[in-house]
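Numbering (this note's numbering), first residue to last: 223 to 863.
In structure tokens:
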């Protein structure tokens, strides 16, 4: 987070330099912010103006003395009424009862930069307990939390509204906080020393939560200093020890690491907001705290998504773009190292989000004003969304790891299968050579040509080696594993699959029927129904082109039907069905439908012979006989004598 400030050099002994604070904001660099003071602002409230309220039809109407000459499109001061009314409720010094038809509004309110001199004047107006300057913290109280050292009491808010933001470790800041008589010594120590426990809950929760103590609110805000991408600088966490009492706020930034310069963008945005002014400018220190918490958390979420959640996307991208014949074992070792590192970072993010959620919950209880509560409620919702996103990232990492382990196992199995297969080929070829040698026995004298040829043994051995090499080569060519798939084969297959998809899409768009035979049967049945209901004449008066198209479709369906039957039935079976069709055409067509359905269902794997057709006809006749019912109805006479 980038704060405006000079390049301040601080250390405990005055020799080492503290990190510089970059000025990336639109706020002009102020000469007042020196000696460890990063930024400081004072709220100047505008002139008080009475506003008359009128009740009309259940709605409140705001009228002022200049209402008659008021143009709502030019003058935007009327929009400040709700903000001024909600903000003025926090100023208890100027609060007084007004009549029911009157309210107050402040115009021209703004924040102005201030320096050490004005801060010294402001702290003089802070009313403190007379016993605080005389208190001294002894060494035995280092482990005692601040809530036990600073006795809590309540004072009504009052005095000027201001905020100063400082860098911890600077000699001027250390001296100013140490000599601050308007601060309880325990509060001063907590602001200077980030390791000092605020409350006992830190021992159990591992993070600090806001507490009410010594008439004010002591709390922590978490953020990050964005590293310089040019020099590949890492982001460094920062902690803001903050003290809010009455109408002022003091924040001290502690950097949790070594950086050349700090760049806390959340604080930079709040500086720009205060300096620019306008309708959205905070009116109270409670709103300043809410804006700080929102801007710091928002930049934390952006950095988490970029550096941690984005790293999960990179791991998935690396895994999906691996080469086909890459050493998966080496590839998995590399990705497992990255996943292990990223998992630790994701867990830290989860702890940070839980800490933020608890801090926001406590701030909602302590801060006042509708604007501050709305900002914190929105921040709480964003925190819950970040927790869900973090859980999704963890699930993706586990999924990638499981798929990667499965790929490694498949790669090892394939490699083992290849080795075993090659060994089997070598063993089979060696078996052939063993049989050949065994035919001549183990005696050297049994070698052909051993009597007249002195080099018979060497020649026979060379012949066996040549035969073995030829057998192994032939075995690897015809019995070996397939060659690895090339990129050209992959591209060709992808084009074929795309063609299949395009054909299917074209058929779906043109409403083409998947089974033309069923469509022909459906049309024929529709014509029969139309003829039964007396609509045959209307159907016969169709367009000649439509009738011709229907006849062509019917002819094509019959041709496909006969072609399918010729592939399924033998010649004798086709002749028998033709003889049946001469006597009973409906029965012959029904038998053909049964055979076609059986073939489509995969029940017929070879051509149907005449004997099988006769068996099928007997089964059809028996089923028809069982389903036939004879009903005899006797005619009754009209008179029953």
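We put the beta carbon where it would ideally sit given N, CA and C, even for glycine. All values reported here derive from a predicted model rather than from experimental measurement.
Coarse secondary structure for residue i, derived from DSSP in three states
i: residue 406; result: coil
i: residue 476; result: strand
i: residue 466; result: strand
i: residue 506; result: coil
i: residue 828; result: coil
i: residue 484; result: strand
i: residue 348; result: coil
i: residue 781; result: helix
i: residue 266; result: strand
i: residue 791; result: strand
i: residue 321; result: Only weak support exists for where residue 321 lies, its pLDDT of 41 falling under 50; the value from the coordinates is given anyway. If DSSP states are grouped into helix, strand and coil, residue 321 belongs with coil.
i: residue 624; result: helix
i: residue 501; result: coil
i: residue 629; result: helix
i: residue 590; result: coil
i: residue 454; result: coil
i: residue 719; result: helix
i: residue 653; result: helix
i: residue 605; result: helix
i: residue 645; result: helix
i: residue 835; result: helix
i: residue 774; result: helix
i: residue 844; result: helix
i: residue 660; result: helix
Paired residues, beta bridge with residue i - DSSP
i: residue 259; result: 388
i: residue 471; result: 385 and 466
i: residue 459; result: 446
i: residue 435; result: 438
Span separating the alpha-carbon of residue i from that of residue j
i: residue 434; j: residue 577; result: 18 angstroms
i: residue 257; j: residue 335; result: 15 angstroms
i: residue 767; j: residue 775; result: 12 angstroms
i: residue 380; j: residue 459; result: 34 angstroms
i: residue 830; j: residue 748; result: 32 angstroms
i: residue 614; j: residue 621; result: 10 angstroms
i: residue 254; j: residue 496; result: 16 angstroms
i: residue 504; j: residue 265; result: 9 angstroms
i: residue 657; j: residue 632; result: 37 angstroms
i: residue 361; j: residue 517; result: Residue placement at residue 361 is poorly supported in this model, since its pLDDT is 47, which falls under 50; the coordinates still yield a value, given next. Each residue's alpha carbon lies about 38 angstroms from the other.
i: residue 415; j: residue 569; result: 27 angstroms
i: residue 455; j: residue 559; result: 21 angstroms
i: residue 421; j: residue 524; result: 30 angstroms
i: residue 815; j: residue 651; result: 55 angstroms
i: residue 787; j: residue 818; result: 7 angstroms
i: residue 339; j: residue 478; result: 30 angstroms
i: residue 808; j: residue 802; result: 9 angstroms
i: residue 616; j: residue 625; result: 14 angstroms
i: residue 868; j: residue 604; result: The structure shown does not extend to residue 868, since the chain is modelled only from 223 to 863, so the question has no answer here.
i: residue 745; j: residue 772; result: 9 angstroms
i: residue 623; j: residue 534; result: 12 angstroms
i: residue 647; j: residue 628; result: 29 angstroms
i: residue 452; j: residue 482; result: 13 angstroms
i: residue 743; j: residue 789; result: 21 angstroms
i: residue 679; j: residue 654; result: 19 angstroms
i: residue 804; j: residue 827; result: 28 angstroms
Unbroken beta strand (DSSP E) run spanning residue i, endpoints
i: residue 334; result: 332-335
i: residue 438; result: 438-447
Limits of the unbroken alpha helix (DSSP H) element including residue i
i: residue 431; result: It is not in any alpha helix (DSSP H) - residue 431 carries neither H nor E in the DSSP assignment.
i: residue 420; result: Residue 420 -> no alpha helix (DSSP H), and no H or E assigned at all.
i: residue 816; result: 807-822
i: residue 400; result: 393-400
Item checked: Contained beta strand (DSSP E) runs [length at least 3] in the segment 518-578, N- to C-terminal order -> none
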